[in-house]
Amino acid sequence: SDVDPMWSLEPRIFAIEKSATGKRKYIVTALGRFMHHYWRFCEPSSRHYYELIREETPCRLYFDLEYNKKANPGITNETNEALINEFISELSAEIHSQFNISMKRRHVFDLDSSTDKKFSRHLICHFPNGELFADAV
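The numbering used here applies: residue 27 is where the sequence shown begins, and numbers increase by one.
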């Protein structure tokens, strides 16, 4: 579709964990309406929603990188940054080799959800010409 995704009325599914037991609250709405609620009414400390990607829906390449900090005491913040940069560099080389797409560091949204207990980074690749994968499989 030629409609900007922000203004599309196509329903999207979002979720948020409501407890440590894994219970989730699901929201089905248009992206623009969700973003309006997210930015205007959610406290920054409560912005932990994620979008469910439906089968056979084109999507961006994404990575969810996590580890328990207590189980990995030798990894420092500096090490984390070096490893993330190396990962993106290797990923860029592989994307170019496999798909002839020139991806740079600036094409990767790097969302940090780390806490004192858990390292958690979410990398979302926005290819330069808007290329998407056919689905998340």
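Glycine included, C-beta positions come from ideal geometry on N, C-alpha and C.
Per DSSP, which residues does residue 54 bridge with? Please list them. 39
In terms of alpha-carbon separation, which member of 98, 77, 81 lies closest to residue 55? 77
Cα-Cα separation, residue 38 to residue 145: 28 Å
According to DSSP, is residue 116 helix, strand or coil? helix
Enumerate, from N- to C-terminal direction, the unbroken alpha helix (DSSP H) stretches of 4 or more residues contained entirely within the region 61-105. none
Roughly how many angstroms lie between the CA atoms of residue 4 and residue 45, to the nearest whole one? There is no way to answer for residue 4, as the model of the chain reaches only from 27 to 163.
Using DSSP with H/G/I as helix, E/B as strand and the rest coil, what is residue 125? helix
Hey, is the region 65-85 in contact with the region 127-136, meaning 3+ C-beta pairs nearer than 8 Å? no
6 Å Cβ shell around residue 148 - same chain, five flanking residues per side excluded: 90, 137
Strand pairing of residue 148, partner residues [DSSP]: 90, 137
Is the shortest distance between the beta-carbon of residue 90 and the beta-carbons of chain C less than 9 Å? Protein chain content of the structure displayed is limited to a single chain, and chain C is not contained in it.
Please work out which residues of its chain come closer than 7 Å, Cβ to Cβ, to residue 33, disregarding the five sequence neighbours upstream and downstream, and give them in chain order. 58
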